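Chains as they are written, first to last, in my numbering: chain A, 71 to 235; chain B, 71 to 235.
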């Protein structure tokens with residue numbers, strides 16, 4: 071099972087590594103509305119953890135403070151990758167990590183560079199990953215660590231998804 | 071104000087008309103989780119209403135039955151269009167409308183064509199439209215018919231969004 075999970079994380083990384091922009095979805099404060107904004111994925115770790123730069127003063131940081139459950143939507147027509155990822159977000163205010171992840175593209179948002187005192191990181195640990203397999207036109211549950219039922223879940227359009235832990 | 075709203079709907083149509091795939095996000099039944107799947111936008115009307123073909127037996131139809139609030143996430147890197155749309159979904163089981171919207175691409179999902187008894191339509195009326203303006207790097211609220219406060223809302227990254235009704 072462990073090995074199968076590793077293969078699934080590898081598949082996740084393969085699909086995400088060339089995606090420049092995703093939609094990071096949080097829960098709006100004090101409402102039942104969703105809040106989404108395009109975000110650049112700075113890095114995906116070997117265990118599937120995704121990293122984002124953000125301003126500490128931004129709304130999304132407040133929203134994550136209220137509810138750590140976030141979703142990441144990827145609809146990349148050119149690479150034909152469609153993913154819906156649900157995970158847990160944590161704020162990481164670590165300058166060493168920021169240095170490791172920094173690249174010059176981020177200057178568009180942080181002209182002050184790594185000296186910007188308002189810079190911080192969002193770390194998202196995926197708990198459920200669904201992707202659309204274009205060859206079979208099926209929604210596949212890559213992994214799901216949120217749900218109790220882990221096998222044979224029927225998915226979208228009456229097709230069967232695979233759940234591997 | 072009416073005229074400004076029309077211009078905003080035109081802008082929405084301009085951004086959406088060439089988008090082939092979006093992520094349609096619903097609320098999972100009996101949980102607080104989101105549920106998303108890539109969907110092809112069949113048509114966007116002159117008033118911004120969006121149409122999707124779906125199987126009547128699919129999970130998302132059940133989910134819309136429970137909660138009509140849906141979101142549409144668009145992250146189109148090639149056209150540089152990033153939108154987060156919140157709206158109200160209605161199921162429309164109207165064969166005349168299906169005939170009007172049908173195109174041969176839908177055969178991939180409905181090999182039986184318009185005779186498929188499991189075919190139905192989802193109509194999404196946008197209530198709040200946010201898009202990312204790439205030239206100014208600002209999140210712009212194109213229109214918002216959900217919120218009481220309609221002017222001067224500060225948005226993502228400390229930048230100011232425009233709200234036009």
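Ideal Cβ positions, reconstructed from N, Cα and C, are used throughout, including at glycine.
As the structure is a computational prediction, the values presented were derived from the model and not from experiment.
Per DSSP, the unbroken beta strand (DSSP E) holding residue 189 of chain A starts and ends at 189-203. Annotated as distal: residue 141 of chain B and residue 157 of chain A, with beta-carbon spacing of 8 Å or more. Interface residue (Cβ-Cβ distance to chain B less than 8 Å): residue 189 of chain A is not classified as such. For the set A:180, A:131, A:80, the Cα lying nearest the Cα of residue 139 of chain A is the one of A:131. For residue 134 of chain B, the enclosing alpha helix (DSSP H) starts and ends at 129-136.
Of the candidates B:148, B:114, B:183, B:199, B:199 places its Cα closest to the Cα of residue 155 of chain B.
Residue environment for residue 97 of chain A: buried (at least 16 other C-beta atoms within 10 angstroms of its C-beta). With contacts defined as CB atoms closer than 8 Å, residue 145 of chain B and residue 91 of chain A qualify as a contacting pair. Within the segment 143-190 of chain B, the runs of alpha helix (DSSP H) that reach at least 4 residues and sit entirely inside it are, in chain order, 165-171.
For residue 144 of chain A, the closest Cβ of chain B is nearer than 8 Å. Against chain B, the CB of residue 161 of chain A has no partner CB under 8 Å away; the residue lies outside that interface.
For the segment 79-95 of chain A, the set of residues with a beta-carbon nearer than 9 Å to any beta-carbon of chain B comprises 89, 90, 91, 92, 93, 95, in chain order.
The beta carbon of residue 160 of chain A sits closer than 6 Å to those of 193, all from its chain and outside the five residues before and after it, given in chain order. Under DSSP, residue 93 of chain A takes part in a beta bridge, and its partners are A:108, A:143. With distances taken between CA atoms, residue 165 of chain A lies nearest to A:190 out of A:178, A:190, A:117. Distance from the CA of residue 162 of chain B to the CA of residue 136 of chain A, rounded to the nearest whole angstrom, comes to 37 Å.
The C-beta of residue 183 of chain A has fewer than 16 other C-beta atoms within 10 Å across all chains shown, which makes the residue exposed.
In this chain, residue 87 of chain B is not harboured by any beta strand (DSSP E), its DSSP state being neither H nor E. A residue is called buried once 16 or more other Cβ atoms fall within 10 Å of its Cβ, and residue 94 of chain A is buried on that count. The beta carbon of residue 115 of chain A lies closer than 8 Å to those of 121 in the same chain, with the five residues before and after it left out. Taking 8 Å as the Cβ-Cβ cut-off, the segment 127-157 of chain B approaches chain A at 127, 128, 129, 130, 139, 141, 143, 144, 145, 146, 147, 148, 152, 154, 156, given in chain order. Per the DSSP secondary-structure output, residue 124 of chain B pairs in a beta bridge with B:190.
The shortest CA-to-CA distance from residue 110 of chain A to any of A:123, A:74, A:101, A:180 is the one to A:123. Across the set B:202, B:88, B:75, B:180, the C-alpha of B:202 shows the shortest separation from the C-alpha of residue 153 of chain B. Scanning its chain for C-beta atoms nearer than 7 Å, with the 5 sequence neighbours on each side dropped, one finds around residue 168 of chain B the residues 184, 189, 191, in chain order. Within chain A, the residues 107, 108 have their CB atoms less than 8 Å from the CB of residue 202 of chain B, given in chain order.
Collapsing the DSSP output to three states places residue 81 of chain A in a helix. For residue 103 of chain B, at least one C-beta of chain A is nearer than 8 Å to its own C-beta. Comparing C-alpha distances from residue 117 of chain B to each of B:173, B:79, B:170 shows the shortest one belongs to B:79. Check the Cα spacing between residue 210 of chain B and each of A:89, A:108, A:76, A:127: the tightest is with A:108.
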